[in-house]
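In my numbering, the protein residues as written are 1038 to 1426.
Even glycine gets a Cβ: it sits at the ideal position worked out from N, Cα and C.
The model shown is predicted, which means the values in this text are computed figures rather than measured ones.
Data block below; observations after.
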Ligand code: G3P
Ligand code: CA
């Protein structure tokens, strides 16, 4: 795509002589909603390097160039907001190794699915603070397991401020309300707690260095009535089918509040031009899973009904998929006035389609050229390098 996207307008054309070969120093070089550089969003911190959702991981993300750091939020028994990806803390903490908490193991239903383990809502913040984070993905560095405490939202906001001052730039915080309906049913509604913490920091306006995200809709609509901070509608799916189309299977087919309300709309419905127009009434941007923007497909050249093992390693994974042309989602979202922050970019070779030949920067470049306004990345240094060079 030409760097001179139409949204950049005449100003960009007037700046043509100033642009460098790599796209120019001017922000108008980027086909984003505003013409600004796409944002690097440190997904769960720098989770490619350090355990998810730790102050150490967030600090590393900032050092690696993240513009925002992303805490997913769940609530403790006493209503504190802590940074965890799931209410079930079994795989991301050492709780299972703590004999003092053995009796807390239980079963709960999260978004219609029964899970077994230890749940944040059965622990006070003081008890959570005795736990230590572990790396949930076996393929990633396990050497930091058991070292780092579980941070609160306030600690993450403090870190963003102090580390931002240290590196000389504003670092934003991008909290996600995890399972809002589930928390509401426990009497631990997330939204007012989140608003109270943000207000304490003076983060109440569109220019505040905060963006709030959710996979549900009604809690975003509620937040819109209470705050002007930027809001993002996340858009999920269950999987990508062999032909590149999205697989929509419960509970990942639609926002859980839609499921409870019997609303027939799916996540994909939110990305139609009509859906995007509706999203714009309560949100500032969308956060779609990246295959909604540029899908990939498997290949079956010999028609044996099985995907071809393109790299011949005896396994079928992302490396055995080929990228397809982009959808119209970014174009339509921008036309609706919504920015697009896509997730999740990961650098491991097995997670990269064959087109990228093992180079994560090639994947970022494809999405930057499409016009995404930000990328949730486990490896913020790679996202930044692909953007800035
Ligand atoms: O919030 C963007 C992205 O983080 C959504 O996926 O499951 O990693 O929270 P998840
Ligand atoms: Ca998230």
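Shortest Cα-Cα distance from residue 1271 to any of 1114, 1242, 1313, 1263 involves 1313. Residue 1270 carries a strand assignment under DSSP once its states are collapsed to helix, strand and coil. Exclusion of the five residues before and after residue 1191 leaves 1234 as the residues of its chain whose Cβ lies within less than 7 Å of its Cβ. The residue from 1363, 1365, 1359 with its alpha-carbon nearest to that of residue 1393 is 1359. Relative to ligand 1, residue 1079 has its C-beta separated by 6 Å or more from all heavy atoms. In the DSSP assignment, residue 1397 falls within the alpha helix (DSSP H) that extends over 1397-1407. Residue 1088 places its beta carbon 7 Å or farther from that of residue 1193. Note on geometry: alpha-carbon atoms of residue 1424 and residue 1401 lie some 8 Å from one another. Here residue 1155 is actually not in contact with residue 1113; their C-beta atoms are around 12 Å apart, not less than 8 Å. In the structure shown, residue 1170 adopts extended strand secondary structure according to DSSP, grouped into three states. When distances are taken from the beta-carbon of residue 1213 to the heavy atoms of ligand 2, the shortest one is below 6 Å. Look at residue 1109: its beta carbon is less than 6 Å from one of the heavy atoms in ligand 2.
Within the region 1147-1193, the runs of alpha helix (DSSP H) that reach at least 4 residues and sit entirely inside it are, in chain order, 1162-1165. Residue 1328 counts as buried, since at least 16 other C-beta atoms from the protein chains shown sit within 10 angstroms of its C-beta.
When the beta-carbon positions are compared, residue 1099 and residue 1189 stay at least 7 Å from each other. At the C-beta level, residue 1286 and residue 1275 come within 7 Å of one another. In this structure, 1096 is the residue among 1096, 1225, 1170 with its C-alpha nearest to the C-alpha of residue 1195. Shortest gap from the CB of residue 1183 to any heavy atom of ligand 1: 6 Å or more.
Per DSSP, the beta bridge partners of residue 1214 are 1110, 1251.
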